[in-house]
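Trainee: Questions regarding the structure given below will be posed in turn.
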Amino acid sequence: MIAARDGGRRVALVPTMGYLHEGHLSLMREARRRVGPEGLAVASIFVNPTQFGPQEDLARYPRDLEGDLAKCAAAGVDAVLAPERPEQVFAPGHQTWIEVGPVAQGLCGARRPGHFRGVATVVMKLFQLTRPQVALFGEKDWQQLQVIRAMVRDLDLDVEVVGMPIVREPDGLARSSRNAYLSPDERRRALALSRTLAEAQERARAGQRDAARLAESARAALASAGARVDYVEIVEPESLQPVARAAPGSRMLVAAYLGTTRLIDNAALP
Ligand code: AMP
Numbered sequence: 001m002i003a004a005r006d007g008g009r010r011v012a013l014v015p016t017m018g019y020l021h022e023g024h025l026s027l028m029r030e031a032r033r034r035v036g037p038e039g040l041a042v043a044s045i046f047v048n049p050t051q052f053g054p055q056e057d058l059a060r061y062p063r064d065l066e067g068d069l070a071k072c073a074a075a076g077v078d079a080v081l082a083p084e085r086p087e088q089v090f091a092p093g094h095q096t097w098i099e100v101g102p103v104a105q106g107l108c109g110a111r112r113p114g115h116f117r118g119v120a121t122v123v124m125k126l127f128q129l130t131r132p133q134v135a136l137f138g139e140k141d142w143q144q145l146q147v148i149r150a151m152v153r154d155l156d157l158d159v160e161v162v163g164m165p166i167v168r169e170p171d172g173l174a175r176s177s178r179n180a181y182l183s184p185d186e187r188r189r190a191l192a193l194s195r196t197l198a199e200a201q202e203r204a205r206a207g208q209r210d211a212a213r214l215a216e217s218a219r220a221a222l223a224s225a226g227a228r229v230d231y232v233e234i235v236e237p238e239s240l241q242p243v244a245r246a247a248p249g250s251r252m253l254v255a256a257y258l259g260t261t262r263l264i265d266n267a268a269l270p
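Residues 1 to 270 in UniProt numbering are what the sequence shown lists, from first letter to last.
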């Protein structure tokens, strides 16, 4: 891949943890489109242990490498980087980490200590290994996207970061590899996340601008649907600092548990 870039071919990278679904594939197709027929569309499949907390789902994270490789090929990916063992990426004695500032500290950063340090560090390593001009990330993980943008800007990385829209199930649930954990009953209740975001958009459109009130209604809606709220916040979309009044573009971010499964979703307020 280094040879590809040095040889003048465009390289696009889509980092993933595998168990691929339409959300991932939309990024891959866009990668293919952006590099053109001569370029190299690269995907990585790596369940990065450094972004999981000790009590999280690393050991049982769903995997299907064979199925994933077929999906990558069908989406137009030329090369897949799929390290078999974590030590191939994080060698024993690894001691260098990327800590992103305030944008990585609230929301998921506060609930999952060390998560974004693991994400930023592995993405930096994937950039070094594949040398892309373009890297694609989903808006589903809105905070992650802003963390990567901050890292690329602050460290002068020569990579264009492209954010891609959230791909949803027909009923609105954001596609996620973790949806596989849901029981049929949890799957039904999980609809509360996207529905709550849509209701907040409606309220904001109807003139409710008070962020605390919008968040309070959202918490109540999630709780009454049987989802245990982790956070509901309305923030400035790039800095992720909380806002008192929702302005056009302010983003509502939610995280909630269905049983033991933690899901996230987000939407722009009108
Ligand atoms: P993951 O495998 O969960 O680490 O996700 C890999 C990439 O796919 C990240 O950039 C995610 O934001 C993106 N992604 C995951 N789910 C979706 C979705 N439903 N829509 C768009 N992008 C997604």
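For every residue, glycine included, the Cβ atom is placed at its ideal position computed from N, Cα and C.
1. If the criterion is Cβ atoms closer than 9 angstroms, does the pair residue 106 and residue 240 meet it?
2. Is any non-hydrogen atom of the ligand AMP found closer than 8 angstroms to the C-beta of residue 257, if you look at the structure I gave you?
3. Beta-carbon within less than 7 angstroms of residue 161's beta-carbon, same chain only, minus the 5 sequence neighbours each way: which residues are those?
4. Distance check for residue 52 and residue 232, CA to CA, integer angstroms please.
5. In three-state terms, what does DSSP make of residue 279?
6. For residue 182, which residues of its own chain have a beta-carbon under 8 angstroms away from its beta-carbon, when the five flanking residues on both sides are left out?
7. What separation, rounded to the nearest whole angstrom, lies between the Cα atoms of residue 46 and residue 87?
8. Going by the beta-carbon positions, is the gap between residue 198 and residue 267 smaller than 9 angstroms?
9. So, helix, strand or coil for residue 44, using DSSP?
10. Using DSSP with H/G/I as helix, E/B as strand and the rest coil, what is residue 261?
11. Okay, do the region 23-38 and the region 158-174 touch, 3+ Cβ pairs below 8 angstroms being the bar?
12. Rounded to whole angstroms, what's the CA-CA distance from residue 93 to residue 7? Just pull it up for me.
13. Where does the unbroken alpha helix (DSSP H) through residue 118 begin, and where does it stop?
14. Out of 117, 111, 201 and 108, which has the shortest C-alpha to C-alpha gap to residue 100?
15. Starting from the Cα of residue 243, find the closest Cα among 129, 215, 104 and 187 and give me that residue.
16. Compute the beta-carbon to beta-carbon distance between residue 263 and residue 143, rounded to the nearest angstrom, for a pair I have assumed lies under 8 angstroms.
17. If you draw a straight line from the alpha carbon of residue 119 to that of residue 177, how long is it in whole angstroms?
18. Reducing DSSP to helix, strand and coil, say where residue 75 ends up.
19. Would you kindly report the start and end of the unbroken alpha helix (DSSP H) that includes residue 109?
20. Any heavy atom of the ligand AMP closer than 8 angstroms to the beta-carbon of residue 17?
21. Between residue 191 and chain D, is there a C-beta pair that is closer than 9 angstroms?
22. One question on the structure: do residue 19 and residue 68 come within less than 9 angstroms of each other, judged by their Cβ atoms?
23. Relative to the C-alpha of residue 72, which residue among 179, 237, 15 and 206 is closest?
Mentor: So, from the listed chains and residues:
1. Counted from its first residue, the sequence shown places residue 106 at position 106. Counted from its first residue, the sequence shown places residue 240 at position 240. The answer is yes: Cβ separation under 9 angstroms.
2. Position 257 of the sequence shown, counted from the first residue, corresponds to residue 257. Result no, Cβ not under 8 angstroms from the ligand AMP.
3. Looking up residue 161 in the sequence shown gives position 161. Excluding residues within five positions, the ones whose Cβ falls inside 7 angstroms are 135, 137, 148, 149 and 152.
4. As a position in the sequence shown, residue 232 is number 232, starting the count at 1. As a position in the sequence shown, residue 52 is number 52, starting the count at 1. Their Cα atoms are separated by approximately 21 angstroms.
5. In the structure as shown, the chain begins at 1 and stops at 270. Residue 279 is therefore absent and cannot be evaluated.
6. Residue numbering aside, residue 182 sits at position 182 when the sequence shown is read from its first letter. Correct list, in chain order: 190, 258, 259 and 261.
7. Stepping through the sequence shown from its first residue, residue 46 is reached at position 46. Stepping through the sequence shown from its first residue, residue 87 is reached at position 87. Near 11 angstroms, if we compare the C-alpha coordinates of residue 87 and residue 46.
8. Here residue 198 is taken as the residue at index 198 of the sequence shown, counted from 1. Here residue 267 is taken as the residue at index 267 of the sequence shown, counted from 1. Yes.
9. One-based indexing of the sequence shown puts residue 44 at position 44. Note: residue 44 maps to strand in three-state DSSP.
10. For this step, residue 261 is matched to residue 261 along the sequence shown. Correct three-state label for residue 261: strand.
11. yes
12. Residue mapping note: residue 93 aligns to position 93 of the sequence shown, counting from 1. Residue mapping note: residue 7 aligns to position 7 of the sequence shown, counting from 1. Roughly 34 angstroms separates the two Cα atoms.
13. As a first step, residue 118 must be located in the sequence shown, where it is residue number 118. Here the alpha helix (DSSP H) through residue 118 covers 115-130.
14. Translated into positions along the sequence shown, residue 100 becomes position 100. The residue with the shortest Cα to Cα distance from residue 100 is 117.
15. As a first step, residue 243 must be located in the sequence shown, where it is residue number 243. When only C-alpha atoms are compared, the closest one is 215.
16. Reading the sequence shown from its first residue, position 263 is the one you call residue 263. Reading the sequence shown from its first residue, position 143 is the one you call residue 143. With 8 angstroms as the limit, residue 263 and residue 143 do not qualify as a contact, their Cβ atoms being about 14 angstroms apart.
17. In the sequence shown, the residue the question calls residue 119 occupies position 119. In the sequence shown, the residue the question calls residue 177 occupies position 177. Whole-angstrom Cα-Cα distance: 17 angstroms.
18. Taking the sequence shown and counting its residues from 1, one reaches residue 75 at position 75. Three-state result, residue 75: coil.
19. The residue given as residue 109 occupies position 109 in the sequence shown. That run of the alpha helix (DSSP H) goes 107-111.
20. Counting from 1 along the sequence shown, the entry for residue 17 is found at position 17. Result yes, Cβ under 8 angstroms from the ligand AMP.
21. Chain labels in this structure do not include chain D; a single protein chain is all it has.
22. Along the sequence shown, read from residue 1 onward, the residue named residue 19 stands at position 19. Along the sequence shown, read from residue 1 onward, the residue named residue 68 stands at position 68. Cβ distance < 9 angstroms, so residue 19 and residue 68 count as in contact.
23. Position 72 of the sequence shown holds residue 72. Closest option to residue 72, Cα to Cα, is 15.
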